[in-house]
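To start, the structure under review is shown below, and the notes come after it.
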Amino acid sequence: EIPRVTGVQTCALPICAEQVVVQGAESSWLTLPELGVSMPFPDVLSSLKDKQSFSRTRTCIVGGGESTPFRSVLEASEVMAYPAEIAEVVSLNDSSSLIGQAKSAGINHTVLSNAATRMVDLEALLKQSEVDLVIFLDDFDVRQLDGAFCGRWEGKLLVVRAALQNGPKVASEAVLDSITQSACITGCTVFQPQSQGAMSGPIVTQETTRVSLDDTVVTLSARIVNECQSKAVPEAIRLIASGKWVKRKLA
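Letter 159 of the sequence shown, counting from 1, is numbered 344 in this note's numbering, and no numbers are missing.
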């Protein structure tokens, strides 16, 4: 870049004195391994780091509920140091809040309301959009994900459940269980399905919240999304997209 003079030094500083002090920069450094150096502020790209050489994991979010962690994932992806971006949003119905949020953010969005052809249409869309990672939210029935699909997409799937365990139950069922069983604590689980099917798999992230005596399915579901999934889902995506999850499993 061409240097530009932005001011004039009015007094000489000792040679040992620090010339520029940037508050908070010590917590905002991003390493550039290809150059062997570091630079501050990962959300600012200069000529030292060409956008074209910085590829991120293309992520698709699939769901249909009113309350989702979409906003937290979007905010995380707006930081250039985050290793993933939202490339596609798939809703299971026209009334889902996901559609409006995707429109506002300028993200490609599709409604797959036909249950009979949903998985065929979804896989075709994922290939067309060159998606690297698929997130199935807590209202998606994972019993639709057979072993063949999970095998073809092994290592590229994450399933979110509104409970502290993996399994097939969708959000409303899992939350109702927490209330009827008088649970004191519940939360969310993000796990990675295996090639045998999507009913279970290794847990990537979890977060917890308390169950109040006056909770309903609506209020507890909203709290699980706001207090648990808003943290667990972006973190799970980060672990998978950065390759740290594979290293953790091999450790």
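Glycine included, every Cβ here is placed at the ideal spot set by N, Cα and C.
Note that the structure is predicted; figures quoted are calculated from it, not measured.
Open item on the list: By the three-class DSSP mapping on this structure, what secondary structure does R433 have?
Closed with: helix
TODO: For S385, I'd like the list of residues in its chain whose CB is within less than 6 Å of its CB, leaving aside the five on either flank, ordered along the chain.
DONE: N351
TODO: Measure from the alpha carbon of V344 to the alpha carbon of each residue in F325, W338 and G332, then state which is nearest.
DONE: F325
TODO: Check whether the Cβ atoms of A269 and A426 lie closer than 7 Å to each other.
DONE: yes
TODO: Rounded to whole angstroms, what's the CA-CA distance from G336 to I320? Just pull it up for me.
DONE: 16 Å
Task: Identity of the residues DSSP links to G248 by a beta bridge - done: S276
- [ ] Would you tell me roughly how many angstroms separate the C-alpha atoms of N293 and N299, rounded to the nearest one?
- [x] 19 Å
Open item on the list: Please give the ranges of any alpha helix (DSSP H) in the stretch 252-324, keeping only runs that are unbroken, at least 4 residues long and fully inside the region.
Closed with: 255-262, 282-290 and 303-313
- [ ] Note down the Cα distance separating L349 from Q313, rounded to an integer number of angstroms.
- [x] 34 Å
- [ ] Output yes or no for whether 7 Å exceeds the beta carbon distance between Q381 and G332.
- [x] yes
Open item on the list: Are the CB atoms of V296 and D323 within a distance shorter than 7 Å?
Closed with: no
TODO: Give every residue of the same chain whose Cβ lies closer than 7 Å to the Cβ of L311, excluding the five residues on either side of it in the sequence, and list them in chain order.
DONE: C245 and V319
Task: Extent of the continuous alpha helix (DSSP H) to which E358 belongs - done: A356 to T365
Task: Residues near I271 by beta carbon distance below 7 Å, same chain, minus five either side - done: T244, I246, V258, L259, S262 and I292
Task: CA-to-CA distance, L307 to I284, given in whole angstroms - done: 16 Å
- [ ] Leaving out five residues on either side along the sequence, give the residues of the same chain with a beta carbon under 7 Å from the beta carbon of A359.
- [x] R346, A347 and A348
Open item on the list: Along the chain, where does the beta strand (DSSP E) containing V375 start, and where does it finish?
Closed with: I370 to F376
TODO: Taking all protein chains shown into account, decide if R423 is buried (16 or more other Cβ within 10 angstroms of its Cβ) or exposed.
DONE: buried
- [ ] With R337 as the anchor, note down where its beta strand (DSSP E) starts and where it stops.
- [x] Here R337 belongs to no beta strand (DSSP E); instead the alpha helix (DSSP H) covers G332 to R337.
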